[in-house]
Amino acid sequence: MVTEFHIKRDAILSNLEVVRERAGDAHLFVVVKGNGYGLGLVPYACLLQEAGVTAFAVTEPEDVIALREAGITGEILMLRSTALPEELKVLIQNSAILTIGSHETAVVANGIAEQLGVSPEVHLKVDTGMGRYGFGLQETDQLLSVFSYLSSLHITGMYTHLNRAFSSRKQTLAQIAAFRGVVQAVRDAGFDPGMIHFANSSALFRLHIDLGDAVRIGSALIGRLPFHGHKLTRVGTLETRVCELRWLPRGATVGYGGVYHAKHPVRIAILPVGYHHGFGVEKIRDTYRFRDGLLYLAQDLKRTLTHERLTVLIGGKPARVLGHVGMLHTVCDVTDLACEIGDTAEVPISPLYLSPEVSRVYDA
């Protein structure tokens with residue numbers, strides 16, 4: 006293959022040890038949603054199981070099936086609360102831990118459990134600000150009714166998700182306090198809430214707090230956190246090969262829109278990768294508050310003033326990307342580099358955006 010995503014086993018295992026050291030005695034759920042954060046669900050989970058990981062977390066019933074068929078024997082927590090009977094049945098039959106985030110979902114799950122004659126493990130989710138799944142802070146009575154009346158559900162945990170742990174310590178601590186208030190209400194009512202967990206990767210590495218009984222870690226394992234000061238390393242690189250070399254004369258343009266104009270003759274290398282493969286792709290700007298606009302403006306101004314440009318590594322040396330990244334091709338300036346047809350190029354990319362068509366190769 007000309008283009009492959011190479012994954013470093015040692016880097017994953019090193020990150021796992023850093024996480025374990027940081028988590029201490031807390032139970033570790035490794036989140037492998039999104040095709041194992043782009044690393045390939047099954048090979049990634051199998052590597053982690055070989056390294057002693059005993060608990061995983063996913064968001065899709067199909068992932069639970071794939072993990073069980075691949076020989077994953079440990080706990081699998083389904084992170085998405087779902088009231089769809091067909092999904093709940095699959096999850097229960099494959100011994101997943103259900104997330105219950107509403108009274109309606111609890112009723113449906115309890116009914117299916119009765120039909121199957123089983124008592125599935127359940128973790129109750131409390132919404133402290135994420136706004137997706139979970140009992141609201143004002144819905145304590147509904148949450149307590151699950152303990153009181155839905156006897157086919159075996160409640161073994163309660164959790165919440167911290168949506169600001171990467172940015173606001175104050176607001177995150179308020180979320181944790183609100184969640185602990187709900188947990189205490191459960192205990193005051195005479196029920197056992199089971200395992201208590203709320204810490205994600207950002208909370209684990211950015212905040213120095215009591216972590217509860219468990220942590221749920223995803224992005225830290227692949228070495229991608231939105232802040233510095235940790236000992237994690239990125240675990241993979243997209244590798245391709247130079248497929249064409251040529252000289253462009255002064256005044257030539259590159260790519261759609263002709264946004265790059267050569268001010269002098271330039272030697273270019275063409276790489277058979279583009280945004281279809283995930284290069285140059287980033288999360289869209291999907292919030293429109295005034296302060297978000299100011300932040301985006303500041304980010305763009307910084308890039309302009311510092312002449313920040315996309316680069317790739319060819320022969321271990323940076324080569325500047327010229328023009329727009331194309332769908333399937335990228336043009337780089339190699340005027341001052343020793344570069345030949347077939348040379349390997351390392352392309353920076355998040356595995357989260359990696360095309361499923363690109364082969365994932367785990368290095369020995």
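To convert, note that position 249 of the sequence shown is 254 in the numbering used here; the numbers rise steadily by one, no gaps.
Glycine is no exception: its CB is placed at the ideal position from the N, C-alpha and C atoms.
Straight-line Cα distance separating residue j from residue i
| i | j | result |
| --- | --- | --- |
| residue 262 | residue 282 | 21 Å |
| residue 200 | residue 320 | 50 Å |
| residue 338 | residue 325 | 5 Å |
| residue 33 | residue 250 | 49 Å |
| residue 166 | residue 84 | 10 Å |
| residue 370 | residue 53 | In the structure as shown, the chain begins at 6 and stops at 369. Residue 370 is therefore absent and cannot be evaluated. |
| residue 363 | residue 15 | 21 Å |
| residue 229 | residue 238 | 8 Å |
| residue 62 | residue 73 | 13 Å |
| residue 226 | residue 205 | 11 Å |
| residue 274 | residue 45 | 30 Å |
| residue 336 | residue 328 | 7 Å |
| residue 51 | residue 340 | 44 Å |
| residue 210 | residue 232 | 9 Å |
| residue 146 | residue 366 | 50 Å |
| residue 70 | residue 269 | 57 Å |
| residue 119 | residue 77 | 26 Å |
| residue 27 | residue 212 | 11 Å |
Where the alpha helix (DSSP H) containing residue i begins and where it ends
| i | result |
| --- | --- |
| residue 108 | 108-121 |
| residue 192 | 174-193 |
| residue 152 | 145-154 |
| residue 28 | 14-28 |
| residue 95 | 90-98 |
| residue 283 | Segment: none, residue 283 is in no alpha helix (DSSP H) and carries neither H nor E. |
| residue 69 | 66-74 |
| residue 358 | Neither: residue 358 is in no alpha helix (DSSP H) and is coded neither H nor E. |
| residue 367 | Looking at the DSSP string, residue 367 is not in any alpha helix (DSSP H); the run it does join, the beta strand (DSSP E), is 364-367. |
| residue 42 | 38-42 |
Buried or exposed (CB count within 10 angstroms, at least 16 for buried), residue i
| i | result |
| --- | --- |
| residue 203 | buried |
| residue 10 | buried |
| residue 353 | exposed |
| residue 345 | exposed |
| residue 123 | exposed |
| residue 314 | exposed |
| residue 361 | exposed |
| residue 219 | buried |
| residue 89 | exposed |
| residue 271 | buried |
| residue 173 | exposed |
| residue 12 | buried |
| residue 153 | exposed |
| residue 234 | exposed |
| residue 224 | buried |
| residue 7 | exposed |
Range of the contiguous beta strand (DSSP E) that encloses residue i
| i | result |
| --- | --- |
| residue 336 | 335-338 |
| residue 203 | 200-204 |
| residue 130 | 126-130 |
| residue 249 | 249-253 |
| residue 221 | 219-222 |
| residue 56 | That residue, residue 56, is in no beta strand (DSSP E); it is neither H nor E in DSSP. |
| residue 164 | 159-164 |
| residue 272 | 271-276 |
| residue 83 | 80-83 |
| residue 246 | 241-246 |
| residue 216 | Premise fails: residue 216 is in no beta strand (DSSP E) and is neither H nor E. |
Chain-order list of residues whose beta-carbon lies under 8 Å from that of residue i (same chain, five-residue window excluded)
| i | result |
| --- | --- |
| residue 29 | 216 |
| residue 267 | 253, 254, 255, 256, 257, 258, 259 |
| residue 149 | 190, 191, 194, 196 |
| residue 25 | 33 |
| residue 130 | 86, 104, 105, 106, 138, 139, 140, 163, 164, 165, 166 |
| residue 169 | 134, 176, 177, 180 |
| residue 214 | 178, 181, 204, 208 |
| residue 121 | 94, 97, 98 |
| residue 75 | 47, 50, 51 |
8 Å Cβ cutoff, residue i in contact with chain C
| i | result |
| --- | --- |
| residue 159 | Looking for chain C here will not work: only one protein chain is present. |
Cβ-based neighbour list, residue i, same chain, cut-off 6 Å, excluding 5 preceding and 5 following
| i | result |
| --- | --- |
| residue 236 | 23 |
| residue 155 | 111, 115 |
| residue 126 | 102, 159, 161 |
| residue 347 | 246 |
| residue 183 | 133, 142 |
| residue 60 | 34, 79, 80 |
Own chain partners of residue i with C-beta closer than 7 Å, once the 5 adjacent residues on each side are dropped
| i | result |
| --- | --- |
| residue 18 | 56 |
| residue 286 | 280, 358 |
| residue 349 | 244, 246 |
Contact belief for residue i with residue j at Cβ below 8 Å, rounded distance in angstroms
| i | j | result |
| --- | --- | --- |
| residue 108 | residue 163 | That belief does not hold up - the Cβ atoms of residue 108 and residue 163 are roughly 15 Å apart, past 8 Å. |
| residue 342 | residue 42 | Actually they are not in contact, since the Cβ atoms of residue 342 and residue 42 sit about 32 Å apart, beyond 8 Å. |
| residue 334 | residue 243 | Actually they are not in contact, since the Cβ atoms of residue 334 and residue 243 sit about 14 Å apart, beyond 8 Å. |
| residue 36 | residue 185 | Going by Cβ atoms, the distance from residue 36 to residue 185 rounds to 22 Å, so no, they are not a contact pair. |
The ligand FAD heavy atom lying under 7 Å from the CB of residue i
| i | result |
| --- | --- |
| residue 356 | Judged by which ligands are present, the structure shown has none, so any question about the ligand FAD falls away. |
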